[in-house]
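Worksheet for the structure shown next.
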Amino acid sequence: MAHPETPAFTDQKLETMVGNLLRAGVSLSAFVVMLGGVIYLVRHGRSPADYRVFRGEPSDLKSLGGIIHEVFGLRGRGIIQFGLLLLIATPVARVALGIWGFAAERDRMYVLFTCIVLAVLLYSLLGAGSAF
Amino acid sequence: MNRNNRARHAASALPRSSLAGSHELPKALIAVHFYLTKYGKLFTSGDAMNILEFTILVAAGSFLAGLLGSLTGLGGGVVLVPLLTLFFKVDIRYAIGASLVSVIATSSGAAAAYVKEGFSNIRIGMFLEIATTTGALTGAFLAAFISTKALAIIFGLMLLYSAYLSRRPRPRAERNSPPDPLATRLRMNGSFPSEEGGMRQYNVQHVPTGFSLMFGAGALSGLLGIGSGAVKVLAMDQAMKIPFKVSTTTSNFMIGVTAAASAGVYLARGYVDPGLAMPVMLGVLAGSMLGATILVKAETKVLRLVFSVVIALLGLQMLYKGFTGGI
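Protein chains in written order, with our numbering: chain A, 1043 to 1174; chain B, 30 to 356.
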């Protein structure tokens, strides 16, 4: 812990940055989801709600390309889904920030740990979800 | 005995209660439970709600789930899925998808506050995330091969377990446990602002046990779309001997990353419906943000009692539905 040349970057600074990043990511995604929600409710609020039967989402709401296509069409559901994508990206960005922070602290062991976590996350988002 | 009487008393006082004051929260909870049941029945009787009504009710229920989840450290996700499936008659797969996404919001929203307060230990969190993310990925893959009935049964058991766990008295953290060599090498020991003022030191114990439990917590999270806060707190509280507030907030910190690991799989499978996820996510987020600001100063004893009773009831109902095929 007490290295002869202690790096200026500390756990505390990293914690503050992580906190800010999480707040920003969640606020942004909540805003986008709310925006999409308003459009969706204005257009479809009066239709009957039915989630009793599972149909699965149309392909446009399952893939990154499809969601972006829907956003440009100003479709409420597409914009909500985009906000949810931003939300899923927030912890991923937090892990990436962790790698950078531990690197700045010259803590190789924790750089390795966070890299493993990032690899699992990216595999899930890009590899396992084959639609991406 | 005494506890049961108090709960029954609260239930009987329901019609007269108002929502004023934080000590009225238990009664308010039961009142909401009551109205949701009423609306749930309305929903099944064919007189379907429109999307606007549905959205408002789901958002209100989710708000409460988020508030209680963050106050008790048990997570909102654990009651979200039963709320959606039992009262709103949502298919369990949509419910799990919406819950999973909102769990990311809950965790990240509250974590932003906790991290700054200095309670959560990001090293412990980031190390254990290796276990929770691989577990979550495993759980998400398994979910495709498990029937909705089996999911309901696993969910019911998980709820009963959470309820049991939240009732068990917290063991007093040993203040001066000697440093564990592995935890020391992983630089996990830390300190946090104590109630008496000043910083309190703690030494982390039994890292391998905690790590394995975390894999299980991750798998449950991926399978059921919950944060698995109960199992995470168990791993850190009981096995690793981390002080309660540190383990609660660190668990919360990890939940977002854990859920993100399975959310990609769920999204690609079409389990995440924007119309449902929107009110759930916004409601839970607002509730958990409020909870996070209260937790730092609140005494959560009564709340944990009430919430554990609700969780147990929901667990029994999920088991019943799972076995009778009502899901």
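Ideal placement from N, C-alpha and C gives every residue a C-beta, glycine not left out.
If you draw a straight line from the alpha carbon of B:Phe352 to that of B:Ser131, how long is it in whole angstroms? In the second sequence, the residue the question calls residue 352 of chain B occupies position 323. In the second sequence, the residue the question calls residue 131 of chain B occupies position 102. Roughly 28 Å separates the two Cα atoms.
If I follow the unbroken alpha helix (DSSP H) through B:Phe273, where does it start and stop? Working through the second sequence from its first residue, we reach residue 273 of chain B at position 244. Looking at the DSSP string, the run of the alpha helix (DSSP H) that includes B:Phe273 is Phe273 to Ala297.
In chain order, what residues of the same chain lie with their CB nearer than 7 Å to the CB of B:Arg35, ignoring the 5 residues before and after it? As a working note, residue 35 of chain B is residue 6 in the second sequence. Residue confidence is low: B:Arg35 scores 45 on pLDDT, short of 50, so the model does not pin down where it sits. Its coordinate-derived value is still stated next. Answer for B:Arg35: no residue qualifies.
Apart from the five residues just before and just after B:Leu189, which ones in its own chain have a Cβ nearer than 7 Å to its Cβ? What you label residue 189 of chain B is simply residue 160 of the second sequence in a count that begins at 1. Excluding five sequence positions before and after B:Leu189, the CB atoms of its chain that fall closer than 7 Å to its own CB belong to Ala341 and Gly344, given in chain order.
Using beta-carbon positions only, say whether A:Ser1071 and A:Leu1129 come within less than 9 Å of one another. If you number the first sequence from 1, residue 1071 of chain A lands on position 29. If you number the first sequence from 1, residue 1129 of chain A lands on position 87. In this structure, A:Leu1129 lies closer than 9 Å to A:Ser1071 by Cβ.
Where DSSP assigns a beta bridge to B:Ser128, which residues make up the other side? Here residue 128 of chain B is taken as the residue at index 99 of the second sequence, counted from 1. For B:Ser128, which the question treats as bridged, DSSP gives no partner whatsoever.
Put B:Phe156 into one of helix, strand or coil per three-state DSSP. Stepping through the second sequence from its first residue, residue 156 of chain B is reached at position 127. When secondary structure is reduced to three states using DSSP, B:Phe156 falls in the helix class.
Note down, in chain order, every chain E residue with its Cβ under 9 Å from the Cβ of A:Arg1088. Among the protein chains in the structure shown, which are A and B, there is no chain E.
Determine the direct distance from the alpha carbon of B:Ile255 to that of B:Thr29, and round the result to whole angstroms. Past the edges of chain B, shown from 30 to 356, lies residue 29 of chain B, and the structure says nothing about it.
Under 9 Å, do B:Gly95 and B:Leu332 count as touching if we go by C-beta distance? Within the second sequence, the letter at position 66 stands for residue 95 of chain B. Within the second sequence, the letter at position 303 stands for residue 332 of chain B. In this structure, the beta-carbon distance from B:Gly95 to B:Leu332 does not fall below 9 Å.
Which chain B residues are close to A:Ala1072, counting only those with a beta carbon under 8 Å from its beta carbon? Within the first sequence, the letter at position 30 stands for residue 1072 of chain A. Those within 8 Å of A:Ala1072 in chain B are Ala134, Met310, Leu311 and Leu314.
Let me check understanding here. Comparing Cα to Cα, which of B:Ile121, B:Arg152 and B:Leu100 lies closest to B:Thr279? Locating residue 279 of chain B in the second sequence gives position 250, where the first residue counts as 1. Nearest C-alpha to B:Thr279: B:Arg152.
Where the beta strand (DSSP E) through B:Ser220 begins and ends: Sequence index remark: in the second sequence, residue 220 of chain B carries index 191 (1-based). B:Ser220 -> beta strand (DSSP E) spans Gly219 to Pro222.
Where DSSP assigns a beta bridge to A:Gln1054, which residues make up the other side? Translated into the one-based positions of the first sequence, residue 1054 of chain A becomes position 12. Answer is none; A:Gln1054 lacks a bridge partner.
According to DSSP, is A:Gly1061 part of a helix, a strand, or is it coil? Residue mapping note: residue 1061 of chain A aligns to position 19 of the first sequence, counting from 1. Helix, per DSSP.
Whose Cβ in chain B lies nearer than 8 Å to the Cβ of A:Glu1147? Residue numbering aside, residue 1147 of chain A sits at position 105 when the first sequence is read from its first letter. Per Cβ cutoff of 8 Å: no residues; A:Glu1147 is ~10 Å from chain B at best.
Please classify A:Glu1039: is it buried, with 16 or more other beta-carbons within 10 angstroms of its beta-carbon, or exposed? Outside the displayed range of chain A (1043 to 1174) lies residue 1039 of chain A, so it cannot be described from this structure.
Of the listed residues A:Thr1132, A:Leu1164, A:Tyr1165 and A:Cys1157, nearest to B:Phe156 (C-alpha basis): Working through the second sequence from its first residue, we reach residue 156 of chain B at position 127. Closest by alpha carbon: A:Cys1157.
Would the segment 1075-1088 of chain A count as touching the segment 302-313 of chain B if we require 3 or more Cβ pairs under 8 Å? yes
Can you find the residues in the same chain that come closer than 6 Å, C-beta to C-beta, to B:Gly164, ignoring five residues on each side of it along the sequence? Here residue 164 of chain B is taken as the residue at index 135 of the second sequence, counted from 1. Cβ neighbours of B:Gly164 within its own chain (closer than 6 Å, five residues either side excluded): Phe244, Gly247 and Ala248.
Pick helix, strand or coil for B:Leu229, following the three-state DSSP scheme. Taking the first residue of the second sequence as position 1, residue 229 of chain B is located at position 200. In the sequence as presented, Leu is not what sits at residue 229 of chain B; that position holds Arg. It is a strand residue.
Taking Cβ-Cβ distances shorter than 7 Å, what residues in chain A pair up with B:His123? Counting from one through the second sequence, the residue named residue 123 of chain B turns up at place 94. Reading off the sequence, residue 123 of chain B comes out as Tyr, not His. Neighbours of B:Tyr123 on chain A, chain order: Tyr1093 and Phe1096.
Sequence-distant residues of its chain with Cβ nearer than 8 Å to B:Ile182 (five each side left out): Walking along the second sequence from the start, residue 182 of chain B turns up at place 153. Met347, Leu348, Gly351 and Phe352, listed in sequence order.
B:Pro303 (DSSP reduced to helix, strand or coil): Within the second sequence, numbered from 1, the residue matching residue 303 of chain B stands at position 274. Three-state result, B:Pro303: helix.
With DSSP run on the structure shown, which of helix, strand or coil describes B:Pro210? Here the question's residue 210 of chain B lines up with position 181 in the second sequence. Here B:Pro210 sits in helix by DSSP.
By the 7 Å beta-carbon criterion, what residues does the segment 131-161 of chain B contribute toward chain A? Ile133, Ala134, Ser137, Gly138, Ala140, Ala141, Val144, Lys145, Ile151, Arg152, Met155, Phe156, Glu158 and Ile159
Using a Cβ-Cβ cutoff of less than 7 Å, which residues in the same chain neighbour B:Phe148 once the five nearest sequence positions on both sides are dropped? Start at 1 with the first residue of the second sequence, and residue 148 of chain B comes out as number 119. The answer, listed in chain order, is Phe221, Lys274, Val275 and Thr278.
Does B:Gly226 pass the burial test, meaning 16 or more other C-beta atoms within 10 Å, or should it be called exposed? Your numbering for residue 226 of chain B matches position 197 in the second sequence. Exposure of B:Gly226 is indicated by the presence of fewer than 16 other C-beta atoms within 10 angstroms of its C-beta.
Proximity below 9 Å, CB of A:Arg1097 to CB of B:Val119: Walking along the first sequence from the start, residue 1097 of chain A turns up at place 55. Walking along the second sequence from the start, residue 119 of chain B turns up at place 90. Contact flag unset, no.
Which residues in the same chain have their Cβ closer than 6 Å to the Cβ of B:Gly312, if we skip the five residues on either side of it in sequence? Along the second sequence, one-based indexing puts residue 312 of chain B at 283. Counting only Cβ-Cβ distances below 6 Å, and skipping sequence neighbours, we find Ala88, Ser91 and Phe92.
At the 9 Å Cβ level, is B:Tyr300 part of the contact set with chain A, yes or no? Here residue 300 of chain B corresponds to residue number 271 of the second sequence, with the count starting at 1. Residue-level contact check: B:Tyr300 touches chain A, since one or more beta carbons of chain A fall below 9 Å from its beta carbon.
Short Cβ contact (9 Å threshold) for B:Ala192 with B:Ser337: One-based indexing of the second sequence puts residue 192 of chain B at position 163. One-based indexing of the second sequence puts residue 337 of chain B at position 308. Against a cut-off of 9 Å, the Cβ pair of B:Ser337 and B:Ala192 comes out as a contact.
Does any CB atom of chain B fall closer than 9 Å to the CB of A:Leu1168? Locating residue 1168 of chain A in the first sequence gives position 126, where the first residue counts as 1. Yes, A:Leu1168 lies at the interface with chain B (some Cβ there is under 9 Å from its Cβ).
8 Å Cβ cut-off: residues of chain B touching A:Val1113: Locating residue 1113 of chain A in the first sequence gives position 71, counting from the first residue. Those within 8 Å of A:Val1113 in chain B number zero; the least Cβ separation is about 11 Å.
Where B:Asp120 meets chain A, residues with beta-carbon distance less than 7 Å: In the second sequence, residue 120 of chain B corresponds to position 91, counting from 1. Going along chain A in sequence order, the residues near B:Asp120 (Cβ under 7 Å) are Tyr1093, Arg1094, Val1095 and Phe1096.
For the segment 104-116 of chain B against the segment 291-302 of chain B, do three or more pairs of beta-carbon atoms, one drawn from each stretch, fall closer than 8 Å, so that the two count as touching? Judged by pairs of C-beta atoms under 8 Å, the segment 104-116 of chain B does not touch the segment 291-302 of chain B, as fewer than three such pairs exist.
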